[in-house]
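Step one of this worksheet: look at the structure below.
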Amino acid sequence: MSGTYYLFWLLVPTVLAIVSAHPAVLVVVVVAVVARRWLPDPIQYLRHAGRVRSLQSQIELNAANAVARTQLAEIWLDRRRPRRAIPLLEQALERDRDSAELKYLLGLARLRAGDAEGSLEPLSEALAKDQRVRYGSAYLAIGDALVATSKLEDAIEAYERYLKINTSSLEAYAKLATARERKGDQAGARMARAQAMDTWRVLPRFQRRKQLFWWLKLKLFG
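Each position in the sequence shown, counted from 1, maps to that position plus 227 in our numbering.
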């Protein structure tokens, strides 16, 4: 999650609440934490506006430009418009069928569009090609898809594999804790949350900014 999201939806309301002496403004912070998946990042939106127009023009001029399609798809993913990303990624894959990264992005787009079942195939194919694609992020995404399709045991394994690649991910620890809890492993859930807090204590400042949402979620909701 972009640091600008935190700046706009979390830090700004907190400062306003302090300055204005109206604690009710902090409700925005709670809403931002709960609705992170749906709330846009206004700063990112403005930053990408010109780039979107440029990439769309490139695609119109050259229908075979898979790079432009991929870059535009990633912008739509950043903007939480996964359904716009899906056809672009499918078209890019027609040009490069062996790309682990494109398969990962397509799986991620389908997952974010609400098609967890449909995301499993491209994510599995991405992992078969390269387990470390995007620093193992395909494991994190497929874990989410497996949770959504009630395959908790497989989801737990996916999160654990991701944490072997990215040991500093509070998101993965939080999701692992939730999956273990749903599976009935309360001790395992507590261990994952404790590991998340231990990880937070040793994170450098820039990493704390990036992972602030997951720290807040762990602190507020467990």
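Each residue gets a CB set at the ideal place from its N, CA and C atoms; glycine is no exception.
Hey, how far is the Cα of residue i from the Cα of residue j?
i       : j       : result
Arg-359 : Asp-325 : 15 Å
Ala-290 : Ala-385 : 36 Å
Ala-221 : Ala-401 : It is not possible to answer for residue 221, since the shown part of the chain is limited to 228 through 449.
Tyr-331 : Arg-428 : 31 Å
Val-279 : Gly-415 : 44 Å
Gln-285 : Leu-350 : 28 Å
Ala-406 : Arg-307 : 24 Å
Arg-435 : Ala-423 : 12 Å
Ala-293 : Gln-413 : 46 Å
Leu-253 : Trp-442 : Note that Leu-253 scores 48 on pLDDT, short of 50, meaning its location in the model is unreliable; the coordinates nonetheless yield the value given after this. Between Leu-253 and Trp-442, the C-alpha separation is close to 17 Å.
Tyr-389 : Leu-320 : 25 Å
Met-418 : Arg-322 : 45 Å
Ile-302 : Thr-426 : 30 Å
Asp-381 : Leu-288 : 44 Å
Ile-383 : Thr-297 : 30 Å
Gly-411 : Lys-391 : 23 Å
Gln-318 : Ser-377 : 30 Å
Residues in its own chain within less than 7 Å of residue i by CB, not counting five upstream and five downstream?
i       : result
Ala-375 : Ala-343
Ala-353 : Ala-327, Lys-330, Tyr-331, Gly-334, Val-360, Ala-365
Arg-409 : Leu-379
Arg-310 : Ala-340
Glu-387 : Leu-403
Excluding the five sequence neighbours on either side, which residues of its own chain have a C-beta within less than 6 Å of the C-beta of residue i, listed in chain order?
i       : result
Lys-356 : Ala-327
Ala-295 : Leu-282, Gln-285, Ile-286
Gln-438 : Leu-397
Gly-449 : none
For my contact list, residue i and residue j are in at a C-beta cut-off of 8 Å; report their separation, rounded to the angstrom.
i       : j       : result
Leu-299 : Leu-315 : 6 Å
Leu-373 : Arg-339 : 15 Å between Cβ atoms; not a contact.
Arg-337 : Ile-369 : Their Cβ separation, rounded to whole angstroms, is 11 Å, which puts Arg-337 and Ile-369 out of contact at 8 Å.
Leu-445 : Leu-403 : Contact flag wrong, Cβ pair sits at about 12 Å.
Ala-399 : Leu-367 : 6 Å
Buried or exposed for residue i, please, with buried defined as at least 16 other CB atoms from any protein chain shown within 10 angstroms of its CB.
i       : result
Phe-440 : buried
Ala-276 : exposed
Ala-421 : exposed
Arg-432 : exposed
Asp-371 : buried
Does the beta-carbon distance from residue i to residue j come in below 8 Å?
i       : j       : result
Asn-393 : Gly-363 : yes
Ser-395 : Leu-447 : no
If you measure from the beta carbon of residue i to each beta carbon in chain D, is any gap under 8 Å?
i       : result
Gln-298 : No chain D appears in the structure shown, which is made up of a single protein chain.
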